[in-house]
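All letters in the sequence shown, in the order written, are residues -3 to 656 by our numbering.
C-beta atoms are modelled at their ideal positions from N, C-alpha and C, and glycine is treated no differently.
None of the values given here were measured: they were computed from a predicted structure.
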Amino acid sequence: MSALVIIAFAALIIRLIPSMTSYGWGNDFGIYYYITQDYIKSRLLVIDVPSQWGTSGYGSFPVMYWIISLIYFITGIKWSILLKFVPQFFGAMTVVFIFFIAKEITSDERVALVSAAFLAVNPVQAYQTSISSILVFGHFFGLLTILSLLISLRKRYFIIPTAVFSVLLVMSHQLSTFMYLLEMIGILAYLKISKGYLEERYKYFLYGFSGFMFAYWLINVPDTTGFISSGSGGLPWYAVIAVYFAVIYAFFNMPERYAEAIRNFIYKLKPMENKATVPLMVSLSFLVPSIAVFIYQKYIVNLSGYSFFVFIPILLSVSIASYGYIIAWKKYRIMLGMLSILLLVAIYAAITMSHVLLPGRFFEYIFEIVSIYDGVGIVSYLESKKPKEIKIEYKIKSTRPSPVVVGPSFGINAAAPSVYYYPIGTGVEGTKFCYRKKKYSASQILISAVMIVIIAGSAGSVYPFGHVVVPSGTQAISYQDYYAIEWIDLHVNKNYSVLSDHRLGLLIEADNISDPFEYASYIWNSTNYSLIVQQLSGHFTNRTSKPVEFIIIDNYMYTDGVWGYKGAINPDTPPIKFTNDTFLKFMYEPFVPVYFNYSSDKSQWALVIQVNWTYIDDHYPINVSAPPIIHTSVSSNVISVLDTINPQLISTYDRYDQNS
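Below, the structure written as structure tokens:
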């Protein structure tokens, strides 16, 4: 157990790193900040809190808000601090659940420990469960439900906590509920196919869980009907639900002879295990995903140059899991059911490039199961490479010297026994053999070293990997960002809006200040002032909002681009990158830098720019009531600001002409 504690502690530290080094961590941190605040202020168990952005019903899943509110009322710790750190604790607990799930399946604590170690550092799952988000609680209660379901196979009464945990899963996170439903169906399908029947209690559990899930979504979650219909190729939502129940009812009630026929067919798919096929399969399991990364690289926004190397620990983990897959066919076939349906739906989502069943979102759930395959693969390989007994020859010397015959004693009959004496320093040498085992074989040492390298490499690539695959590049909200927003709160005119990216925009809106980040594009990527001024005045394509008074740009936006444009339509829309010209225009009229804050090492900074509506009214045919310009030392020290942001901008700034 001490090893599990160490692994869980390492998992927690990895997931806490971003929260310990920033004000907030998560692109949607502002949404959760806003809703958690309302839950605590209301002191009610359930409240209707519409999200200020998106259509996925962030306020419709109250479990995270309940937990944070409960801790707040018990301890008095500020809820904004709890929002930063509590989800990560629940994220680290998923590693503990994987340990017990693996142990429940394999009855081998070694497999369970290796599985937990791989999940603790898995870049995909660790990154996702490091975020302050309801998603983390979906993982927590999803794995708790799976664990309880597996325990119920040997302890019947555990079906009751399974039902309780499944209700909390539904009320935690929508996508997680869908993913773990696929896993549960896979497990129950395995039981049906392998035995020919499924106990009635599991049928009732599945029907009840599915019914509650659909009812909860339809009643509480906005746009559920569109979600169900879009994810199934346009079929009406009620038809999808009807087909779902018809299929699971027919499958789990089919006669045993059909289950036997399916079982016999599936067994024909069993992978061959010999000296040629195993290395081939392990190699292909590394090569094929590598090729897939290159094929789909246009969807991986920040993949370039050496950034591909952050995928290597993950690909090596998949290779090891492929060997675990071969072993699972022989010893742990329930694992095949656990993964199969989830994997099939993921393949469907990848082929169709569904914007509802987002292919990239499957990986964090798949890798939880893959970590168990890793554990099975590592331990099975170590077992198969135990050193053989070796024959060891060694010589021994008798402690008693060889006797010398003297003859019969004087005066005694010759038939009497002879007299012996034993010379000093003489003895008899002999040879003996024994069989001993070496403690470890060379193969065991090698695979152990490979495992350590993969685990260390995975731990080191968690956040570099996130930077590559997350469209925004980062999910950090720095303290400089927070101070800039606090400054804006003191100076903004509520008849105007503040413009930034998705991360900061949602935090700004938590203070009841509108931010049209989802609709602005020309303001960021153009130097055509007719287009820029039109959007500054609040006139966007198919959307009208308040005129913009302040703009916030921080180091992440400058480096990674401005993410959030059309985000509700397609979250994978790439960020808008700055050029020297598109960035430097903010140093000239009609823009006025009014606030600048940076860290001691100048790596973190936030710049607030005010829009000069008096200047716009004088130069463009737009009539907007102009708030007064806030005069600060920043506007007269642009060179100093640029020197902090990027000294190379200074020479370009001197030549810049907005009319060019």
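In whole angstroms, what separates the C-alpha of S315 from that of S444?
Within the sequence shown, numbered from 1, the residue matching residue 315 stands at position 319. Within the sequence shown, numbered from 1, the residue matching residue 444 stands at position 448. Rounded to whole angstroms, S315 to S444 spans 15 Å at the Cα level.
Report the partner residues of Q530 according to the DSSP bridge assignment.
Here residue 530 corresponds to residue number 534 of the sequence shown, with the count starting at 1. DSSP, once it has assigned bridges, lists no residue as partnering Q530.
Go through its chain and collect everything with a Cβ distance to T640's Cβ below 8 Å, but skip five positions before and after it.
Residue mapping note: residue 640 aligns to position 644 of the sequence shown, counting from 1. Taken in chain order, the residues that qualify are F592, Y594, K598 and W601.
Exposed or buried, which one is L280 when buried takes at least 16 other CB atoms within 10 Å?
Here residue 280 refers to the residue found at position 284 when the sequence shown is read from its first residue. By the neighbour-count rule (16 or more Cβ atoms within 10 Å), L280 is not buried but exposed.
Reducing DSSP to helix, strand and coil, say where D597 ends up.
As a working note, residue 597 is residue 601 in the sequence shown. It is coil, neither helix nor strand.
Could you name the residues of the same chain whose beta carbon sits closer than 7 Å to that of E179, not counting the 5 residues immediately before and after it, in chain order?
For the purposes of this step, residue 179 is taken as the residue at position 183 of the sequence shown. For E179, where only same-chain residues beyond five positions count, the Cβ hits under 7 Å are I142, M334 and L338.
Tell me the DSSP bridge mates of F546?
Numbered from 1 along the sequence shown, position 550 holds the residue referred to as residue 546. Answer by DSSP bridge pairing, in chain order: V494 and Q606.
Out of G222, A235 and V278, state which residue places its alpha-carbon closest to the alpha-carbon of H666.
Beyond the ends of the chain as shown, which are -3 and 656, falls residue 666; an answer cannot be given.
Run the CB neighbour count on D485, radius 10 Å, all protein chains shown included, and call it buried at 16 or more, exposed below.
Taking the first residue of the sequence shown as position 1, residue 485 is located at position 489. Exposed, since its Cβ has fewer than 16 Cβ neighbours within 10 Å.
If you reduce the DSSP assignment to three classes, tell me which class P624 lands in.
Sequence index remark: in the sequence shown, residue 624 carries index 628 (1-based). DSSP places P624 in coil when its eight states are reduced to three.
Anyone know if the C-beta pair for F154 and T90 falls short of 8 Å?
Your numbering for residue 154 matches position 158 in the sequence shown. Your numbering for residue 90 matches position 94 in the sequence shown. No, the pair does not count as a contact, with Cβ atoms beyond the cut-off.
For A472, name the three-state secondary structure that DSSP assigns.
Numbered from 1 along the sequence shown, position 476 holds the residue referred to as residue 472. Correct three-state label for A472: strand.
Are the stretch 111 to 124 and the stretch 151 to 171 touching, with three or more C-beta to C-beta distances below 8 Å?
With a cut-off of 8 Å, the stretch 151 to 171 and the stretch 111 to 124 do not count as touching, because too few Cβ pairs lie within range.
Could you check whether E252 and G320 sit closer than 8 Å to each other, using their CB atoms as the reference points?
The residue labelled residue 320 in the question sits at position 324 within the sequence shown. The residue labelled residue 252 in the question sits at position 256 within the sequence shown. No, Cβ-Cβ distance for G320 and E252 is not below 8 Å.
Going by DSSP, what residue range makes up the alpha helix (DSSP H) through Y170?
The residue you call residue 170 lines up with position 174 of the sequence shown. For clarity, residue 170 is Gln in the given sequence; the question names Tyr instead. Per DSSP, Q170 belongs to the alpha helix (DSSP H) from Q170 to K191.
To the nearest whole angstrom, what separates the beta carbons of V217 and G53, a pair I think is in contact under 8 Å?
Within the sequence shown, residue 217 is the residue found at index 221, counting from 1. Within the sequence shown, residue 53 is the residue found at index 57, counting from 1. That pair is a contact at about 4 Å.
Give the DSSP-derived three-state secondary structure of V558 in the structure shown.
Counting from one through the sequence shown, the residue named residue 558 turns up at place 562. Three-state DSSP puts V558 in a strand.
Can you pull the DSSP bridge partners for T540?
If you number the sequence shown from 1, residue 540 lands on position 544. Answer is H535.
Taking the C-alpha atoms as reference points, what is the distance between L312 and S15?
Locating residue 312 in the sequence shown gives position 316, where the first residue counts as 1. Locating residue 15 in the sequence shown gives position 19, where the first residue counts as 1. Roughly 29 Å separates the two Cα atoms.
T569: which of W213, E514, S621 and F546 sits nearest, CA to CA?
For the purposes of this step, residue 569 is taken as the residue at position 573 of the sequence shown. Measuring from the Cα of T569, the nearest candidate turns out to be E514.
Determine, using beta-carbon pairs with one atom in the stretch 446 to 453 and one in the stretch 562 to 577, whether at least three such pairs fall under 8 Å.
Touching, no.
Tell me, which residues are paired with V587 by DSSP?
In the sequence shown, residue 587 corresponds to position 591, counting from 1. A small fix is needed here, since residue 587 is Phe in this sequence, not Val. F587 is bridged to V607.
Report the three-state DSSP secondary structure of G501 (helix, strand or coil).
The count along the sequence shown starts at 1 and reaches residue 501 at position 505. It is helical.
Which whole-angstrom value describes the C-beta separation of G462 and D556, a residue pair presumed to lie in contact below a C-beta threshold of 8 Å?
Within the sequence shown, the letter at position 466 stands for residue 462. Within the sequence shown, the letter at position 560 stands for residue 556. 12 Å between Cβ atoms; not a contact.
In whole angstroms, what separates the C-alpha of F441 from that of R259?
What you label residue 441 is simply residue 445 of the sequence shown in a count that begins at 1. What you label residue 259 is simply residue 263 of the sequence shown in a count that begins at 1. The amino acid occupying residue 441 in the given sequence is Ile; Phe does not appear at that position. Going from the Cα of I441 to the Cα of R259 covers about 38 Å.
So, are the CB atoms of L8 and Q84 less than 8 Å apart?
The residue given as residue 8 occupies position 12 in the sequence shown. The residue given as residue 84 occupies position 88 in the sequence shown. A contact, by the Cβ cut-off of 8 Å.
Going by DSSP, which residues form a beta bridge with G20?
Locating residue 20 in the sequence shown gives position 24, counting from the first residue. DSSP, once it has assigned bridges, lists I473 as partnering G20.
Counting C-beta neighbours from all protein chains within 10 Å, is the total for F25 16 or more, i.e. buried, or is it exposed?
If you number the sequence shown from 1, residue 25 lands on position 29. The residue is buried, with at least 16 neighbouring Cβ atoms inside 10 Å.
Using the three-state DSSP reduction, which class does I612 fall into: helix, strand or coil?
Residue numbering aside, residue 612 sits at position 616 when the sequence shown is read from its first letter. Three-state DSSP puts I612 in a helix.
Taking only the alpha-carbon atoms, compute the straight-line gap between S76 and V278 and give it to the nearest angstrom.
For the purposes of this step, residue 76 is taken as residue 80 along the sequence shown, with counting starting at 1. For the purposes of this step, residue 278 is taken as residue 282 along the sequence shown, with counting starting at 1. Each residue's Cα considered, the two are about 46 Å apart.
CB-CB under 6 Å to S144, same chain, minus the five flanking residues each way: which ones, in chain order?
To locate residue 144, count along the sequence shown from 1; it is residue 148. Excluding positions up to five away in sequence, the list reads F154, P157, T158 and F161.
Contact between the stretch 354 to 368 and the stretch 116 to 126 is defined here as three or more beta-carbon pairs at a separation below 8 Å; is this criterion met?
Yes: the two stretches touch, three or more of their Cβ pairs being nearer than 8 Å.
Between which two residues does the alpha helix (DSSP H) containing E195 stretch?
Along the sequence shown, read from residue 1 onward, the residue named residue 195 stands at position 199. E195 -> no alpha helix (DSSP H), and no H or E assigned at all.
Name the DSSP beta bridge partners of I666, please?
The structure shown does not extend to residue 666, since the chain spans only -3 to 656, so no value can be given for it.
What would DSSP say about L638, mapped onto helix, strand or coil?
Taking the first residue of the sequence shown as 1, we reach residue 638 at position 642. Helix at L638.
Give the range of the alpha helix (DSSP H) segment to which N260 is assigned.
Locating residue 260 in the sequence shown gives position 264, counting from the first residue. Per DSSP, N260 belongs to the alpha helix (DSSP H) from E252 to Y263.
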